[in-house]
Each structure stands twice: as C-alpha cells, then as structure tokens.
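This report concerns only the one structure given below.
Number of protein chains: 2
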Amino acid sequence: MNNFDLHNPTHILFGKGRIADLDAQIPAQAKVLLLYGGGSAERTGVLGQVRSALGNRTVVEFGGIEPNPRFATAIKAVDVIAEHGITFLLAVGGGSVIDATKFIAAAAKYDGDAWEILTSMGSVVKSAMPFGTVLTLPATGSEMNPGSVITHAEKGAKLPFMTAHCYPVFSILDPELTYTLPPRQIANGVADAFVHIIEQYLTYPVAASVQDGFAETLLRTLIELGPKALETPDDYDIRANLMWTATLALNGLIGAGVPQDWASHMIGHEITALNDTDHARTLAVVLPALMQDQRGPKREKLLQYAANVWNIREGDDDTRIDAAIDATRNFFHAMGIDTRLGDYGLGAPDIDLLVAALESHGMTALGENQAITPDTARRILNAAL
Amino acid sequence: MNNFDLHNPTHILFGKGRIADLDAQIPAQAKVLLLYGGGSAERTGVLGQVRSALGNRTVVEFGGIEPNPRFATAIKAVDVIAEHGITFLLAVGGGSVIDATKFIAAAAKYDGDAWEILTSMGSVVKSAMPFGTVLTLPATGSEMNPGSVITHAEKGAKLPFMTAHCYPVFSILDPELTYTLPPRQIANGVADAFVHIIEQYLTYPVAASVQDGFAETLLRTLIELGPKALETPDDYDIRANLMWTATLALNGLIGAGVPQDWASHMIGHEITALNDTDHARTLAVVLPALMQDQRGPKREKLLQYAANVWNIREGDDDTRIDAAIDATRNFFHAMGIDTRLGDYGLGAPDIDLLVAALESHGMTALGENQAITPDTARRILNAAL
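Okay, structure coming up:
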C-alpha cells in the first residue's frame, strides 16, 4: 500500500426528506446565494422544496448555470455576491452546478484575475466562501470532493482545478430527488461513476486489499443496480445505493494509497471537445479499448477484475481478460450506452485530430505508468473504432 | 437503506515515516502536552521519534495513562494543562491513550464537574481542546472517531461518551510502528476490529449493498491477514491493511444507514468487569454464542455472512449458518484467542453475576431489535460455557 493523506470534511446528510434539515446547516445570519442550472430544478419541484426549507432568510437566486459550466457565467455570480453582500453559497443541481459553485466560492475570495485559479489548477487559492449542496444527479462525486472543471468558451479551454478550500461544508443527498431524472442522465451517471472507480482500481497491485475490495463492491453495485434503475425509476433502495456509490466513487477513499490511471478521462475529454459527445459516453468508448491495449501492464488487475467483479474464473489468462472486457462493454450497452467511436459519428480520420488535441494539451504521458504516449492513444482510439 | 449523517473531519496521514509530518500539523505557536501510556512507547522508540519531530517546540509530557484509562489520571492531566497554559494535545499510543486524551480535551474546556461529561454520555460538551494522535496499536478505531470510554475506579464505573467536538484533528498511522507489538495485542486488535464490523453488519437487511460490501471486505481482510500478521510481524503490507481496516471498522462509514447491534460488546463488558478478561477476548466468547442464539432474527444476514465472508454455499440454511459460526470460532482460535467462558475461568455460577450486572447497568433491551433481555443474555452466556 502506498502512503496517503485522507481528509474529507464534508458533512453528508443522506436520505428521504433531508432538505428539511437544510436550514440548520447554514449560519443563521448568512446571506445566501442559491445557485442552480436550467429549468429542471424548477419543474421537478426541488427548488420549491429548497426555498421552502430556507424560510424567511435573505436569499438571492442565480440560475442558468450550464452543463460544462462557463467561466463567464461564474464571473457574473461573483459580481452578484459582491453586490448583495452574500456570505454563503448553496448549489442545487448536479456536478455542473456544484463545480461552478466551487469556482465561484474561490473566485469571490481571490484578489487577482480569477482565470489564474484555473491556470494554476487551484494552487493560488488561499480561501473560499463556504458553500453547501443539494445534489439532484448522482454522477460526478463533486458533492464530496474538492475538484471542479470549468469551461472558458472564448479561450476554447476546459480546465480542472482542485483545492482543499473547496470541499462543500455539507451536501444533502436525497435519492428520491433522482426519480424524475431522464434515463439518459441516470445512464450517464452510472457510467461516469463506474469509470471513476476503474481509474483508481485497474492499474497494478500494491497489496491494498481494503481499497481493492471497496472498489470491487462499488463496481458490483453499479453493475447489479444500474440497469434496474432504468427499469424501475422509483425504487428507493436502488436509487439510494447508486447515489451513495457515485459519491464514494470519487471522494478520496478508494483512491487513497493506490496508483491511479485517468487516461480514459483525458482521451475522452478530447472526444467531447471534438463533437460534444456526453462525457460518460466518451468513457464507455475509450475504456474497453484501453483495457484491450493495456492488457500487458494491467494484466494482474485485469485478472482480479475478471474474477472479483465479474466472477469470471474459467479459461486461461487471456480468455478471462477478453471475457471481462466483453462484460464491461455489455454493461455499458445494458445502460443504453454505445461503446464505439462510429456510434458517435467518428471515424479513422478523426483519430488524427484527437491525438493532435492530446498533444497540444500536453497529454503525452498518461496513465499510472505515464506510458500512454500519443502513439499509444492512437492505438487505443483505433481499437475503439 | 436508512437515512444517515456522515461527517468525519479527522485528517489521516497514513504510511511509512509519517511522524516526520507531525510538526506541520500542529499550530506553530501551540504549547503541546504529549500524552502516552506505559513504558512501551519509550522502549520501542516511538516517543523518541515524536520528540525529535517536534523539534524545539514547548512540549510538556504526561505519561502513565493506563489501559482502561482512569478518570483520576485524566483529571491530573487537566491540571497540567491549566498550569502550563497548554493549547494542543498530542496522544501517542493505542485506544486507551487516545480515549483518555479525548476526555481530557473535553474536561479542560468544561466549567462544571467533569464527571458530568460521562454521566451525560457527552451531551454536555460544547467544546474541546484540539488534539492529534500518533497511533501505535490498531484496534479500537478511536483515532478516527469521536467516542471514548473512561473508567472511574472509586465509583466502580466504566462509562462511554461521544461528542462531535472530540474527533482528532489528525491521526498519524504508520504501520511500521506496529512491528514490535506483542502477538497478544495484535490478536486482540484484530478480534476487536472484527467484532466492531460484525456489530454494524450482522443485523437484518436494509438493502444497503454498499455498506454490506464494505463490511464484508473488511471482515475478509482480517480473516486473511490476521493470522499472517502473527506469523510475519514485519510484513509491511499485512500491517498496513490491518491498520487501515481497524480504522475503517469504526469511523462511521460502514455503520451509516444500517441497523447496529452492540449486544456482544455490552455483555462482554460485564465479563471484563467481573474478572478482567481482555475486552477483545470477551467479544470472542460472546459473539459465536450470540450468533447461535439469534439465528432466527439474524437469519438473512447470517446466510449472507456465510456466503460472502466465508464462501459457504453448500447445504441447507441451518447447515450453512452452523458452518459460519464454526468458521468464526476457528478464526478466533487461529488468532490464539479462546472462545469459551470456561477458558477464562468462568462457569455456570458466574452467569447469574453477569446477568445481574447487565440488569443493574440498565442493559435490559440490547441489540438491533432491543430484544436481548436479561433472559436472552443468560441463554447466550449458557451457550458460551
């Protein structure tokens, strides 16, 4: 097991009806900025529940945060904070609203050009406004981690940042809020969480029995319950386990003390940048091809994955690895997610563009061994055709 | 899954050589009280490492904290805090030293009679001094939870308290510090962690796939690595997994959203009070007998335990449950721990004393269903003869 630090101060309030506990989590004298995205939070009634829970507080609202949240939008929110003397932020939504709120929380306290928060990947951040979240879409894990990704449309850049100052103070996770999500968003959330776990698990063994067992538990939960969530959208226990799994998939726990990969994410980002394919779907395209290509370096963990996640125990090593890759692909298909570049309108000629984009973004040594060069990425993308 | 809150602010620094990071975790201007137990921390060199890491700081030392730490000893430490203007506590040791430090941290800030902290089970605590820990014995989980047990020798009482103010600010977990532990302490620590997990797992199903899978991972890790830790005391990865497992066994994670039992602990406490049997060994006596007696109410989880922890899948329900109970007993034996009352010099006549003690302490409705009455406890103890 590798050395690690683990320090996650976010207070999780999980379960039915927990929005009722919202008001008590926010300082009594706080002036609150309520942040949300498009119309769905209004339509589903979650915004109504939140407004009602906040009672007679001074609350200013800031809606319209986009998927892949924009720098320019966030800066408008920073202006609203200054104008109204806001002291606490409350994000109601999924990963995009929460990511935007993290950036707004840091930018509101940053003296320089807020763009530096992104170019420094968060290292310039020395403080941030306190904020809480009400999660409506289980997927990214942003509700219990300190990371965020912001898009600057004019600069054509989508940049991550991370800082210990940007853990949510609290996050309310009510599985019932997810009943009304469209199947496409549930499927994307399950696939996103699945690949988050794989990025921290499918590398090489470091004798981390606990982390491996936890990761395998989360993967098996998604495999068992993901397709059922599509069939029976209002099954509380299914939604509860999926919601908690998505949070635990990226809250620091399973990645503590083990190597991490993240090559599928980096390659997938370029696909989204090229043709706006949903993030989760790019992962479902890249991951099986990457498993196929990296079956040498990842051999031991692929065999462990086959046995412990898929119960594949018959046949020689390569047979079992092939079966595990097929099973992975079939799992995405069962979630209604296609796994080939061609399914998203991309062909061999696009691979040059994708590889060039990786190079231009400095992504030339990806993966747990920094061995995924542009040539390797090309091979992986060809295997994903 | 049941509703839950989860909020654990302790910063874990895990791995080889992490005492080197100790100084940076303590405020620069702090006046530190270094608390420890008997001579082993000195003999093994861990105190030397800690003193060296603290460099030129103002440090006052307070040694001699007992196993089953005493109220009177803790009050002496509170006096030292006042006398020297101490602002930060540092516990170096196992659960006893850490538990004592939690009580000292709360008592130093409490205006009334510190005994009220215990009689109120912690509810009167409104603040506590900040403290960190350097863990030397993986067992109780105290390094990442807010609970503590203090013994008042004169009053003949051993009382727990718990308060959100008593999470350690940080805990340093270096598995190499455990190489020199006597086999008896390693065995006790593994058994203690095992039963901590069981108390939060072996109740009745609430469709908590994640929590169940995590608990099963931790149980399998102890079963696989516990006996090996006795054979090869200086295997880093074995010690690392055991240390991390013992912390995760009682840091709130696996118990969030599920029913909890704790009857084995309550009955076991009376055995320790009667003849000073090691806490972990009382659990190894009570647990298998309780499983036997409660096979009705615990049926579904016992079958799940048999399958997922012990891979027992053949035979009818009762056969599989019997096999799982035998396997549990054999695991304790493999750790060098006896599992019968007679092994600890107790016989049928002592059972009256134990049941009377439970009644006098108000322990008349134990377990996840509050169904373990004194009569049931008597039956369990008879099954443990």
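In order, the protein sequence lines correspond to chains F and G.
Mapping of the first sequence onto UniProt numbering: position 350 corresponds to residue 350, and the numbering continues sequentially without gaps.
Mapping of the second sequence onto UniProt numbering: position 184 corresponds to residue 184, and the numbering continues sequentially without gaps.
For every residue, glycine included, the Cβ atom is placed at its ideal position computed from N, Cα and C.
A quick note: this is a predicted structure, and the numbers were derived from the prediction, not measured.
Item	Value
Min CB distance G:L13 to chain F below 8 angstroms	yes
Helix, strand or coil at F:G148 according to DSSP, with G and I counted as helix	The residue asked about is misnamed: residue 148 of chain F is Ser in this sequence, not Gly. In the structure shown, F:S148 sits in a strand (DSSP, three-state: E or B).
Residue range of the beta strand (DSSP E) that includes F:S40	Segment 40 to 43 is the alpha helix (DSSP H) holding F:S40; no beta strand (DSSP E) there.
Residues of its chain near G:T133, where Cβ-Cβ distance is below 6 angstroms and the 5 sequence neighbours each way are ignored	A91, I98, E143, P168, S171
Rounded separation between residue 389 of chain G and G:M121 - CA only	Here chain G has residues from 1 to 385 only, and residue 389 of chain G is not among them.
Proximal residues of chain G, C-beta to C-beta of F:P9 below 7 angstroms	P9
Residues from the stretch 119 to 141 of chain F in contact with chain G, defined by Cβ distance under 9 angstroms	none
Per-residue DSSP class, three states only, for F:K126	coil
Residue span of the alpha helix (DSSP H) that contains G:P349, given as start and end	348 to 360
With 16 other Cβ atoms within 10 Å as the buried cut-off, status of G:S127	exposed
Buried or exposed (CB count within 10 angstroms, at least 16 for buried), G:Y179	exposed
Start-to-end residues for the alpha helix (DSSP H) that takes in F:D235	Element bounds for F:D235: n/a, residue is neither H nor E.
Listed by chain order, chain F residues near G:W244 by CB distance under 8 angstroms	M1, V210, G257
Three-state secondary structure (DSSP) of F:T180	coil
Span of the beta strand (DSSP E), counted from its first residue to its last, around F:T11	The amino acid at residue 11 of chain F is misidentified as Thr; the sequence shows His. It spans 11 to 14 - the beta strand (DSSP E) in which F:H11 sits, taken as one unbroken run.
Nearest-angstrom beta carbon gap, F:A74 and F:I150 [assumed within contact, 8 angstroms]	7 angstroms
Whether F:V286 touches F:R340 by CB criterion (8 angstroms)	no
Beta-carbon separation (whole angstroms), G:T232 vs G:I223, contact threshold 8 angstroms	Not quite, the Cβ-Cβ distance comes to about 16 angstroms (not below 8 angstroms), so this is no contact.
Alpha carbon of G:L173 to alpha carbon of G:G95, nearest angstrom	13 angstroms
Any non-hydrogen atom of the ligand NAP closer than 7 angstroms to G:A191 Cβ	This structure does not include the ligand NAP; it has no bound ligands of any sort.
Proximal chain G residues relative to F:T180, where beta-carbon distance stays under 7 angstroms	In chain order: nothing, as chain G lies at least about 20 angstroms away.
Those runs of the beta strand (DSSP E) which lie wholly inside the stretch 26 to 68 of chain G and span at least 3 residues	32 to 35, 59 to 62
C-beta contact flag for G:G141 and G:L250 at 8 angstroms	yes
Residue-chain proximity (F:T163, chain G), Cβ-Cβ < 8 angstroms	no
Segment contact, 8 angstroms Cβ cut-off, at least three pairs: the stretch 354 to 361 of chain F with the stretch 209 to 217 of chain G	no
Amino acids of chain F, ordered along the chain, whose beta-carbon sits closer than 8 angstroms to that of G:L218	V210, G213
Cβ shell of F:H165 (< 7 angstroms), same chain only, five flanking positions each side left out	A106, V125, S127, A128
Three-state class that DSSP yields for F:V169 in the structure shown	coil
Outcome for residue 389 of chain G when other beta-carbon atoms lying within 10 angstroms are tallied against a minimum of 16	A question about residue 389 of chain G goes unanswered here, because the residues of chain G that appear run from 1 up to 385.
Span of the beta strand (DSSP E), counted from its first residue to its last, around F:M162	157 to 162
Per DSSP, the bridge partner or partners of F:L366	F:I372
Residue from G:A82, G:E368, G:G257 whose Cα sits closest to the Cα of residue 387 of chain G	This structure leaves residue 387 of chain G out entirely; chain G is present only between 1 and 385.
Enclosing alpha helix (DSSP H) for G:T101 [first to last residue]	95 to 107
Per-residue DSSP class, three states only, for G:D23	helix
Residue burial classification, F:H333 (beta-carbon count within 10 angstroms, cutoff 16)	exposed
Residues within the stretch 221 to 255 of chain F neighbouring chain G, beta-carbon criterion of under 9 angstroms	T221, E224, L225, Y236, D237, I238, A240, N241, W244, T245, L248, L253
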